[in-house]
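Asker: If you scroll down you'll find the structure; I have some questions about it.
There are 2 protein chains.
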Amino acid sequence: MADKQSTKPPSGTRDFLPGDVRRREYVIDVVRRVYERYGFEPLETPAFENIDTLLGKYGEEGNKLIFKILKRGEHEGTGEADLALRYDLTVPLARVVAQYQNELPKFFKRYQIQPVWRADRPARGRFREFYQCDIDSMGSTSPIVDVEILSAVSEVLVTLGFDDFTIRLNHRQLLAALLESVGVSAAGQSDTLVALDKLDKTGPDAVIKDLESRGFDHEKASRCVNMFASDAIRTTTRLPSPSVFAAANMSQLSRLHQDVPEASSILDEVQAILDMSADTQAAGHVLLSRSLARGLSYYTGAIMEVGVEGIGSLGGGGRYDNLIGMFLGRDVPACGFSLGLERIIVVMTERNMFKDALSLGSADVLVTMWPDADDAIRRDALALASELRAVDLRVDVYPEPDKLGKQLRYASDRDVQFAVIVGGDERAKKAVTIKDLVASSQETVARESAPQFIRERVDAGQRTKNPEP
Amino acid sequence: MADKQSTKPPSGTRDFLPGDVRRREYVIDVVRRVYERYGFEPLETPAFENIDTLLGKYGEEGNKLIFKILKRGEHEGTGEADLALRYDLTVPLARVVAQYQNELPKFFKRYQIQPVWRADRPARGRFREFYQCDIDSMGSTSPIVDVEILSAVSEVLVTLGFDDFTIRLNHRQLLAALLESVGVSAAGQSDTLVALDKLDKTGPDAVIKDLESRGFDHEKASRCVNMFASDAIRTTTRLPSPSVFAAANMSQLSRLHQDVPEASSILDEVQAILDMSADTQAAGHVLLSRSLARGLSYYTGAIMEVGVEGIGSLGGGGRYDNLIGMFLGRDVPACGFSLGLERIIVVMTERNMFKDALSLGSADVLVTMWPDADDAIRRDALALASELRAVDLRVDVYPEPDKLGKQLRYASDRDVQFAVIVGGDERAKKAVTIKDLVASSQETVARESAPQFIRERVDAGQRTKNPEP
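Here the protein sequences line up with chains A and B, keeping their order.
Remember, our numbering sits 151 above the position in the first sequence when you count from 1.
Remember, our numbering sits 151 above the position in the second sequence when you count from 1.
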C-alpha cells in the first residue's frame with residue numbers, strides 16, 4: 152500500500168507535535184486571560200469567507216496572496232473560486248459588526264485568536280498559516296481606547312516575561328502634515344510612505360534613491376528623509392530607561408510642534424495618549440516615533456508597532472475609523488492591535504523563556520502492566536488508573552505485557568516521573584509500589600493512599616519548577 | 152463606500168459571538184483536561200494538506216466533499232488545485248506518524264481538537280466547518296487500548312453532565328462472521344453493511360427491500376435483517392440501569408456464540424473489552440450491539456458509537472490497524488475515537504446544561520468616566536482600572552464623557568455587576584464609590600481596598616452560581 156508521496160506538511164505550514172502545542176497553548180492562554188481582564192470578549196469567524204468579502208481589501212499585492220477555494224460539484228471544472236481563506240482578522244470583524252449590529256454593544260471590544268493564511272513565499276519565520284491575536288475596540292474616538300490597547304498589549308508581553316519591548320507610536324495625520332510640510336501632496340503620500348517605511352532597514356541613501364526613482368528631485372527626497380530620519384531613539388539600539396523614553400518623547404513632541412505647527416490638535420491627541428499611558432502597564436514602553444508608517448492603508452489615526460531589541464516587530468495596530476463602514480454603510484470608529492503568535496514563540500524559544508513546567512513529560516504516572524497479566528490483573532490496573540485520575544493526575548497505562556524493565560525504561564524515556572507497580576505481593580497486601588524515576592527511589596504504600604501520595608509529590612515538583620514570584 | 156454585498160458567513164459556516172465562544176471553550180477545555188488525564192498528548196496539523204494526501208482516502212463520495220484550493224500566481228488561471236482543506240483528523244494523523252516516526256514514542260497517544268471542512272449540503276445541525284475532538288492510540292493491539300478510549304470518552308461526557316449516554320460496541324470481524332453465516336460472501340459485505348446501517352432509521356422492511364434491490368433474494372435478505380435486528384436494547388428507547396445493560400451484554404454474547412461459533416476468539420476479545428470496561432468510567436455505558444456497522448471502511452476491529460437518548464450519535468470510532476500503513480509503508484495498530492463538538496453543544500444547549508458562570512457578563516467591573524473628565528481624571532480612571540486588573544478582575548473602562556446614568560445603564564445592559572465611580576468628593580478622600588448593579592446597592596470604600604472588596608464579591612457570586620459538588 153505504501154507509495155512515495157511526501158508526508159511533509161504543505162510548504163509554509165507546520166505540524167505541531169505535543170511540546171509545540173503546549174508552548175503555543177501557554178502563550179495563547181496568557182493572551183486570552185489578559186485580554187479578558189481588559190474587558191475584551193472572544194469572537195471566532197469561519198476559516199473561509201465568500202471571496203468577494205476579501206478581494207479588494209488588501210491592495211493588489213494582497214489579492215495575489217489570498218488562498219482561493221474552487222467551487223464544488225459540477226462547477227469544479229470551471230476553475231472558478233467562490234470562497235477564500237481568511238487573510239486577516241480585521242475584515243471578518245468588519246463583516247461581523249455589520250451583520251450583528253443590533254446584537255452588539257455600542258462599544259464592542261473583541262479579541263480573536265485564530266489562524267490566517269497568506270500565500271507568501273515561505274521564509275525563516277514567515278509561514279503561510281500563522282496565528283494572529285487581535286484586539287479591537289469599536290464605537291469610540293476617545294484616546295482612552297488607544298491607551299487601553301497599548302496597556303493590554305504591554306501586559307501580555309510583561310506577563311510572558313518580556314521587559315525590553317518598545318511600542319513605537321505615530322499618527323497618520325501627523326505623517327500627512329509632515330509630508331505636506333516638505334512638499335509632498337496628499338496624492339503622493341501613500342507611495343512616499345512605502346519608501347520611507349524602509350528607512351530603518353536600508354538606510355537614508357537607499358530611500359533617497361528610491362524616492363528619486365518615484366520622480367522626486369534630490370533636494371525634495373533629502374528633505375523627506377531628513378524629516379523622518381530624526382527619531383531620537385531607534386528600537387534597534389539598546390533599550391533605554393523609562394526616563395530616557397520620557398525625555399525623548401518630550402523632545403520629539405516639541406520638535407514636532409516646530410516642524411508642523413498646524414498639526415497642534417493632533418499633537419495634543421498624541422500627547423494625551425503618551426500621558427495617559429504613563430499610568431498603565433504601557434508605562435516606559437511607548438516611544439513617539441515620527442518615522443513609523445505601518446503598511447496598511449486603512450489606518451486613519453494613531454498607529455503603533457511593538458518591537459523587541461534586535462528582533463523586530465511582534466505586532467502592530469492603530470486606529471481605523473472608516474473600514475467598518477465598507478460593510479456597514481456608516482462609519483464606526485475603531486482601534487485595534489494584532490500580535491503575531493509565531494514571532495512571540497520564536498523569541499521566547501530563543502531566549503529560553505518557557506517555564507520548566509512546559510517541558511513536562513507526557514504523563515505524571517505510568518501504571519505498569521504486570522507481565523503475563525490475566526484479565527483480573529488487567530482490570531485491577533485499569534481501576535488503579537481511574538483512582539489516580541480522580542485526583543487529576545495524568546495517567547498512562549502500559550498496554551502490553553512486556554518485561555517490567557522495558558516498561559520502566561519507556562516511562563523514563565518519556566519523562567514520566569512516577570511508575571506504579573502492582574505485583575502479586577502488593578495485591579495480596581492491598582498495596583502498590585511507587586517508583587520515582589527521577590529520584591531513583593521507590594516506596595510501597597497502601598493502595599488507597601497511592602493517589603494522594605503521588606499527587607503531593609507532583610505538586611511539590613511543580614512548586615520547585617515554578618516558584619511563586 | 153457601502154455596497155450591497157452579503158455580510159453573512161459563507162453557507163454552512165457560522166460566526167461565534169462571545170457567548171458562543173465561551174460555551175465552546177468550556178466544552179473544549181473539559182475534553183482537553185480529560186484527554187490529558189488519560190495520557191493523550193496534543194497534536195495540531197495545518198488546515199490544508201497537499202491534495203494528494205487527501206484524495207482517495209474517503210471514497211468517491213468523500214472526494215466530492217473535499218474543499219480544494221486553487222494554485223496561486225501564474226497557475227491560478229489553470230483552475231488546478233494543489234491543496235485541500237482537512238476533511239478529518241485521522242488522515243493527517245497517519246501522515247504525521249509516517250513523517251515523525253523517529254521522534255514519536257512506541258505507543259503514541261494523541262488528541263487533536265481542530266476544525267474540519269466538508270462540502271456537505273448544509274442542514275440543521277450539519278455544517279461545512281465543524282470541530283472534531285479526536286483521540287487515537289497507536290502501537291498496541293491490546294484491548295486495554297480500546298477500553299482506555301471507551302473510558303476517556305465516558306469521562307468527558309460525565310464531566311460535561313451527561314448521564315444517559317450509551318456506547319454501542321461491535322467488531323468488524325464479528326460482523327463479517329455474521330454476514331458469512333447468512334450467506335453473504337466477503338465481496339458483498341461492504342454493500343450489505345451500508346444497507347443494514349439504516350436498520351434503526353428506516354426499519355426492517357425498508358432494509359429488506361434495499362437488499363433485494365442489491366440482488367439478494369427475499370429469504371436471504373430477511374435472514375440478514377433478522378440476524379441484525381435482534382439487539383436486546385435500542386438506544387432510542389429509555390436508558391436502562393447498568394444491571395440491565397450487563398444482562399443484555401451477557402445474553403447477546405451467548406447468542407453470538409451460538410450464531411457464529413467459529414468467531415469465538417473475536418468474542419473473547421469483545422468480552423475482555425466489556426469486562427475491563429466495568430472497572431472504568433465507561434461502566435454501565437457500553438452495550439454490545441451486533442447491528443452497529445460504522446460507515447468508514449478502514450476499521451478492522453472493535454467499532455464504537457456513542458449516542459444519547461433521543462438525539463443520536465455524538466461520535467464514534469474504532470480500531471484501524473492498516474490505515475497508518477498507507478503513509479508509513481508498514482502497518483501500525485491503532486484505535487481512535489472522534490467526538491463531535493457541535494452535536495455536544497446542541498444537546499447541552501437544548502438541555503440547559505451550561506453552568507450559570509458561562510452566562511457571565513462581558514466584564515466584572517465598569518470603571519466609569521467622570522463627565523467632563525480632564526486629563527488628570529482620565530489618567531486616574533485608567534490607574535484604577537490597572538489596580539482592579541491586578542487582582543485578576545475583568546475590567547472595562549467607559550471611554551466617553553457621557554452622563555453617569557447612561558454609563559450605569561450601559562454596564563447594566565451588558566450584565567456587568569459592579570460599577571466604580573470616582574467623583575470629586577471621592578478623589579479628595581482617596582475613596583471610590585462601588586455600585587452593585589444586581590443588588591442595587593452602593594458603598595464608598597477606601598481606594599486602596601477597592602480591588603479586594605470587589606474581588607471577594609465576585610468570588611462569592613461565582614460560588615453561589617457553581618456550588619461545589
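Backbone N, C-alpha and C fix where the C-beta goes; we use that ideal spot for every residue, glycine too.
Cβ of D410/B less than 8 angstroms from any chain A Cβ?
Answerer: No - not a single Cβ of chain A is within 8 angstroms of the one on D410/B.
Asker: Apart from the five residues just before and just after L404/A, which ones in its own chain have a Cβ nearer than 7 angstroms to its Cβ?
Answerer: L418, Q422, L439, listed in sequence order.
Asker: What residues match up with N321/A in a beta bridge as DSSP calls it?
Answerer: BP columns for N321/A point to I454/A.
Asker: If we count the other Cβ atoms within 10 Å of its Cβ and call it buried at 16 or more, is G207/A buried or exposed?
Answerer: Result: exposed.
Asker: Quick one: measure Cβ to Cβ for P550/B and F258/A, integer angstroms, because I've assumed they're closer than 8 angstroms.
Answerer: P550/B to F258/A, Cβ: 6 angstroms. Contact.
Asker: Unbroken beta strand (DSSP E) runs of length 3 or more, entirely within the region 320 to 359 of chain A: which are they?
Answerer: Within the region 320 to 359 of chain A, no complete beta strand (DSSP E) run reaches 3 residues.
Asker: What separation, rounded to the nearest whole angstrom, lies between the Cα atoms of L194/B and G334/B?
Answerer: C-alpha separation (whole angstroms): 44 angstroms.
Asker: May I have the straight-line CA-CA distance separating R183/A from F167/B, to the nearest angstrom?
Answerer: Cα to Cα, the separation comes out at about 16 angstroms.
Asker: Smallest Cα separation from S563/A: which of T241/A, D547/A, N321/A?
Answerer: Of the listed residues, the one whose Cα sits closest to S563/A is D547/A.
Asker: Cα-Cα, which of Y209/A, V178/A, P273/A is closest to S448/A?
Answerer: The option with the nearest alpha carbon to S448/A is Y209/A.
Asker: Does any CB atom of chain B fall closer than 8 angstroms to the CB of Q432/A?
Answerer: Yes, contact with chain B.
Asker: Please confirm whether L301/B has its beta-carbon closer than 8 angstroms to some beta-carbon of chain A.
Answerer: So, not an interface residue.
Asker: For the alpha helix (DSSP H) containing M499/B, name the first residue and the last one.
Answerer: Element bounds for M499/B: 492 to 501.
Asker: Would you kindly work out how many angstroms separate the C-alpha atoms of D576/A and R560/A, rounded to a whole number?
Answerer: Cα to Cα, D576/A sits roughly 22 angstroms from R560/A.
Asker: Could you give the DSSP three-state label for I528/B: helix, strand or coil?
Answerer: Helix, per DSSP.
Asker: Is the beta carbon of Y471/B closer than 8 angstroms to that of A453/B?
Answerer: Not a contact, by the Cβ cut-off of 8 angstroms.
Asker: Would E599/B be called buried (16 or more neighbouring beta carbons within 10 Å of its own) or exposed?
Answerer: Exposed.
Asker: Kindly indicate which three-state DSSP category M289/B falls into: helix, strand or coil?
Answerer: Strand, per DSSP.
Asker: Please report how far the alpha carbon of K616/B lies from the alpha carbon of M499/A, in whole angstroms.
Answerer: About 38 angstroms.
Asker: Please name the residue, chosen from P355/B, L255/B, L311/B, that lies closest to R177/B on a Cα-to-Cα basis.
Answerer: Before going on, a small fix: residue 177/B reads as Tyr here, not Arg. Of P355/B, L255/B, L311/B, the residue nearest in Cα terms is L311/B.
Asker: So if I threshold CB-CB distances at 9 angstroms, which residues from the region 553 to 564 of chain B count as touching chain A?
Answerer: Hits within the stretch, in order: Y561, D564.
Asker: Determine, for K616/A, whether the minimum Cβ-Cβ distance to residues of chain B falls below 8 angstroms.
Answerer: Cβ-Cβ to chain B under 8 angstroms: no for K616/A.
Asker: Contact defined as beta carbons within less than 8 angstroms: I believe F281/A pairs with G491/A. What is the distance between those atoms, to the nearest angstrom?
Answerer: The pair is a contact, with the Cβ atoms about 7 angstroms apart (cut-off 8 angstroms).
Asker: Let me check understanding here. Comparing Cα to Cα, which of G163/B, K215/B, V376/B, V248/B lies closest to G707/B?
Answerer: Since the first residue of chain B shown is 152 and the last is 620, residue 707/B is not available in this structure.
Asker: So, at 8 angstroms on beta carbons, what are the nonlocal neighbours of E493/A in its own chain, with the 5 sequence-adjacent residues on each side left out?
Answerer: Excluding sequence neighbours, E493/A sits near G276, F278, F281, Y282.
Asker: Run through DSSP, which three-state label would E594/A get?
Answerer: If DSSP states are grouped into helix, strand and coil, E594/A belongs with the strands.
Asker: Starting from K215/A, find everything on chain B with Cβ-Cβ shorter than 8 angstroms and list it in chain order.
Answerer: Result: R223, G224.
Asker: Judging by CA-CA distance, which residue of E200/B, E299/B, R272/B is the nearest neighbour of F488/B?
Answerer: It is E299/B whose Cα lies nearest to the Cα of F488/B.
Asker: Residues of the region 589 to 609 of chain A with a CB closer than 7 angstroms to any CB of chain B: list them in chain order, please.
Answerer: Here the close residues number zero.
Asker: Contact between the region 159 to 173 of chain A and the region 579 to 596 of chain A is defined here as three or more beta-carbon pairs at a separation below 8 angstroms; is this criterion met?
Answerer: No, because fewer than three Cβ pairs between the region 159 to 173 of chain A and the region 579 to 596 of chain A fall closer than 8 angstroms, the two stretches do not touch.
Asker: Mind checking the region 269 to 299 of chain A against chain B and listing, in chain order, the residues whose C-beta falls within less than 7 angstroms of any C-beta there?
Answerer: If the cut-off is 7 angstroms between Cβ atoms, the region 269 to 299 of chain A has A270, E280, S291, S293, I295, V296, V298, E299 near chain B.
Asker: Which runs of the alpha helix (DSSP H) at least 4 residues long sit entirely within the region 516 to 582 of chain B? Give them in chain order.
Answerer: Taking only runs of at least 4 residues, the alpha helix (DSSP H) segments lying wholly in the region 516 to 582 of chain B are 526 to 540, 555 to 564, 575 to 579.
Asker: Per DSSP, which residues does N201/A bridge with? Please list them.
Answerer: Answer is L234/A.
Asker: From the DSSP output, which residues share a beta bridge with P393/A?
Answerer: P393/A pairs with nothing; no bridge assigned.
Asker: Identify each residue in the region 193 to 208 of chain B for which the Cβ-Cβ distance to at least one residue of chain A is less than 8 angstroms, and report them in chain order.
Answerer: Here the close residues are P193, L194, E195, T196, P197, A198, F199, E200, N201, D203, T204.
Asker: Run through chain A and tell me which residues come within less than 8 angstroms of I220/B, C-beta to C-beta.
Answerer: Residues of chain A passing the Cβ test: F218, K219, I220, L221, L236.
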